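**Student:** Please find one structure pasted underneath; my questions will follow.
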Amino acid sequence: MTELHSNKPSPSRCDENLSAKGEQRRLSLIEAAMRLIVRDGHHSLSLRSVAKEAGCSHGSVAYYFGSKGALMSAAIDHACEKIAISFSEIAPDLEACAHDPARFATLIAQYNTRLLIEDRSMGIAVYELNLAGAHDPSLRPALSKWGRIHADLCREAFLKLGSQDPGADFAFVLHAIGGLVIAQLSLPRKDFEHRIFLPAIERLVFSVAGLAPRAAQAKS
Numbered sequence: 001m002t003e004l005h006s007n008k009p010s011p012s013r014c015d016e017n018l019s020a021k022g023e024q025r026r027l028s029l030i031e032a033a034m035r036l037i038v039r040d041g042h043h044s045l046s047l048r049s050v051a052k053e054a055g056c057s058h059g060s061v062a063y064y065f066g067s068k069g070a071l072m073s074a075a076i077d078h079a080c081e082k083i084a085i086s087f088s089e090i091a092p093d094l095e096a097c098a099h100d101p102a103r104f105a106t107l108i109a110q111y112n113t114r115l116l117i118e119d120r121s122m123g124i125a126v127y128e129l130n131l132a133g134a135h136d137p138s139l140r141p142a143l144s145k146w147g148r149i150h151a152d153l154c155r156e157a158f159l160k161l162g163s164q165d166p167g168a169d170f171a172f173v174l175h176a177i178g179g180l181v182i183a184q185l186s187l188p189r190k191d192f193e194h195r196i197f198l199p200a201i202e203r204l205v206f207s208v209a210g211l212a213p214r215a216a217q218a219k220s
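Here the sequence shown stands for residues 1 to 220, numbered as in UniProt numbering.
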């Protein structure tokens, strides 16, 4: 059986009412897909490769997802939901310390270090899933949806920080963090969080708050 490769992902079984066992089976297939993406890159993903990784039949994977695009979209949803859940836990702390940009930056640096660098699998997965979207336009709606969800989670914190455009400022900080994380995953540097990551995020956060960086303030 050949796999479907149309630009539009086929509907997956997530749109239907699955039994608890079915939901668990579907989740196990998504987790197998995530392992492949992290280990071998997003290009390695296919219904057959996931079936082999999960130890099941090709037909079982096709039943739940229908196409590679639907499977990849489900992997994006899975990763982004995990990030949204973890980020929602620090969003109140960001709002509470928005009057203190240095503390605000520290929380962001600590959170992303833990999520994307100490957990290398998550950091690589995020990079690979975004790279998949660069190759396959049909995946971009899933990536855009989660970008909006994550931006909404920290909108109030950015407003309290002093942002005039929280959506744009969140994207500015997010993509800068992404570049720093990828560089660290590729070429690890010692004491990255305190020597490189936090100072860079501080500059971004102070800029969003409309303030001069702390180093410039100390010189004035």
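C-beta: ideal position from N, C-alpha, C; glycine also.
As the structure is a computational prediction, the values presented were derived from the model and not from experiment.
Which of the three DSSP states, helix, strand or coil, is assigned to D119?
**Tutor:** Residue state, collapsed to three classes: coil.
**Student:** Could you work out which residue in H43, L161, W146 and R48 is closest to A96 when comparing CA atoms only?
**Tutor:** The option with the nearest alpha carbon to A96 is L161.
**Student:** Is I124 closer than 8 angstroms to V38 when the C-beta atoms are compared?
**Tutor:** The answer is yes: Cβ separation under 8 angstroms.
**Student:** Do L27 and V61 have their beta-carbon atoms positioned less than 8 angstroms apart in this structure?
**Tutor:** Not closer than 8 angstroms, so no.
**Student:** For a test of the three-state rule: what should DSSP assign to G133, helix, strand or coil?
**Tutor:** In this structure, G133 counts as helix in the three-state DSSP scheme.
**Student:** With distance defined between alpha-carbon atoms, name the residue in L116, R195 and A212 nearest to residue 221.
**Tutor:** What the structure shows of the chain is the stretch from 1 to 220, and residue 221 is not part of that stretch, so it cannot be assessed.
**Student:** Quick one: Cα of L174 to Cα of D93, how far?
**Tutor:** C-alpha separation (whole angstroms): 18 angstroms.
**Student:** Taking 8 angstroms as the cut-off, decide whether the C-beta atoms of L129 and I83 are in contact.
**Tutor:** No. Outside cutoff.
**Student:** Would you please state the rounded distance, in angstroms, between the beta carbons of L198 and A109? I believe it to be under 8 angstroms.
**Tutor:** With a Cβ gap of about 4 angstroms, L198 and A109 count as contacting.
**Student:** For H150, name the three-state secondary structure that DSSP assigns.
**Tutor:** Here H150 sits in helix by DSSP.
**Student:** Assign L71 to buried or exposed, taking buried as 16 or more other Cβ atoms, counted over all protein chains shown, within 10 Å of its Cβ.
**Tutor:** That one is buried.
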